[in-house]
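Visitor: Chains L and C supply the protein sequences, listed in that same order.
Heads up, the first sequence is in the numbering used here, so the first residue is 11 and it goes up one at a time.
Heads up, the second sequence is in the numbering used here, so the first residue is -2 and it goes up one at a time.
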Amino acid sequence: GQQLNQSPQSMFIQEGEDVSMNCTSSSIFNTWLWYKQDPGEGPVLLIALYKAGELTSNGRLTAQFGITRKDSFLNISASIPSDVGIYFCAGQIPGTYKYIFGTGTRLKVLA
Amino acid sequence: EPEVTQTPSHQVTQMGQEVILRCVPISNHLYFYWYRQILGQKVEFLVSFYNNEISEKSEIFDDQFSVERPDGSNFTLKIRSTKLEDSAMYFCASSALPYEQYFGPGTRLTVT
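#1: Going by C-alpha to C-alpha distance, which of V108/C, F42/C and T104/C sits closest to S84/C?
#2: Report the option in T4/C, Q61/C and G103/C whose CA atom is closest to the CA atom of R19/C.
#3: Does DSSP classify E82/C as helix, strand or coil?
#4: Opposite V40/C in the DSSP bridges: which residues?
#5: At 7 Å on the CB atoms, spell out the chain C contacts of K108/L, in chain order.
#6: Does DSSP put D93/L in a helix, in a strand, or in coil?
#7: Check the DSSP bridge columns for G122/L and list the partner residues they point to.
#8: Closer than 9 Å by beta-carbon distance: list the chain C residues that pair up with F98/L, in chain order.
#9: Taking the beta strand (DSSP E) that H7/C belongs to, which residues open and close that run?
#10: Does Q98/C have its Cβ less than 9 Å from a Cβ in chain D?
#11: Can you tell me where the beta strand (DSSP E) with N15/L in it begins and where it stops?
#12: Three or more C-beta pairs closer than 8 Å, one from the segment 85 to 104 of chain C and one from the segment 21 to 31 of chain C: is that the case here?
#13: Under the criterion of a Cβ to heavy atom distance below 8 Å, does P22/C qualify as lining the ligand MG?
#14: How would you label D4/L, buried or exposed, when you count the other beta carbons within 10 angstroms and need 16 or more for buried?
#15: Return the residue from the list S67/L, I86/L and L59/L that minimises the CA-CA distance to Q24/L.
#16: Could you give the distance in angstroms between the alpha-carbon of K54/C and the alpha-carbon of I23/C?
#17: Starting from A58/L, find everything on chain C with Cβ-Cβ shorter than 8 Å and list it in chain order.
#18: Checking contacts by CB at 9 Å: is V1/C closer than that to chain L?
#19: Counting only beta-carbon separations shorter than 9 Å, does G13/C have a partner in chain L?
Written out as structure tokens, the structure is:
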């Protein structure tokens, strides 16, 4: 079945640094969603991407839908302590309403 | 800002018992979903629901699971006979179109 691999699995960064994480698969997806999850809470939608090559920003966050439709990346600029959490990508399987979630990237920001 | 709500926040049940997890999706949304997340793992799709019927389900969503939209506001997930391995966070999500899904805070199910 389809799988989404996220890298890195976890990362420590200094406050103020930029962060980049990505999500890759051997399968194509129609829509990419990026979520942030804090401990004990539900995922919060950050960015949605609909077309191959699309680049979308939401404040300090920028995400791109890979041209092959098999990958996506998320960048966070000038990280702050509240960026700490787990970031998940999710891809929509073509022809379905089903989303597959990635394995997650755990971000820790050092003040 | 409208949000998805879920009750209860934590449910403890004994193996073999039935549980019903409840969700109130965002009011103008038409697509509804259930996901689960075993502690420390990724979010797993269970089922999607549109126009009063299941549109997709995963292999996890076997005959022990069912969903229902009993009225215009609630969306429920029933597990008929719980197993230890059903212990997880269960998230409801909703969307206006089958794209941007908004998640609730989750119900932590503990099966003993």
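Just so you know, even glycine gets a beta-carbon here, dropped at the ideal spot from N, CA and C.
Guide: Quick look at the numbers:
#1: The shortest Cα separation from S84/C among V108/C, F42/C and T104/C belongs to V108/C.
#2: Among T4/C, Q61/C and G103/C, the Cα nearest to that of R19/C is on T4/C.
#3: Helix at E82/C.
#4: Under the DSSP definition of a beta bridge, V40/C lacks any partner.
#5: Near K108/L (Cβ distances below 7 Å), the residues of chain C are F42, S45 and E53.
#6: When DSSP states are grouped into helix, strand and coil, D93/L belongs to the helix group.
#7: Residue 122/L cannot be examined here, being either before or after the span of chain L that is shown, 11 to 121.
#8: Residues of chain C with a Cβ closer than 9 Å to the Cβ of F98/L are, in chain order, K39 and V40.
#9: First-last of the beta strand (DSSP E) with H7/C: H7 to T10.
#10: The structure shown contains no chain D; the protein chains it does contain are L and C.
#11: Segment N15 to S17, the beta strand (DSSP E) holding N15/L.
#12: Flag = yes, the segment 85 to 104 of chain C and the segment 21 to 31 of chain C touch.
#13: Ligands are entirely absent from the displayed structure, and the ligand MG is therefore not among its contents.
#14: Summary: the structure shown does not reach residue 4/L, with chain L confined to residues 11 through 121, and so no result is reported for it.
#15: Distance from the Cα of Q24/L is smallest, within the candidate group S67/L, I86/L and L59/L, for I86/L.
#16: For K54/C and I23/C, the distance between alpha carbons rounds to 21 Å.
#17: Against chain C, the beta carbon of A58/L has neighbours under 8 Å at Y96 and E97, listed in chain order.
#18: For V1/C, the nearest beta carbon of chain L is closer than 9 Å to its own beta carbon.
#19: Chain L, which has no Cβ nearer than 9 Å to the Cβ of G13/C, makes this no.
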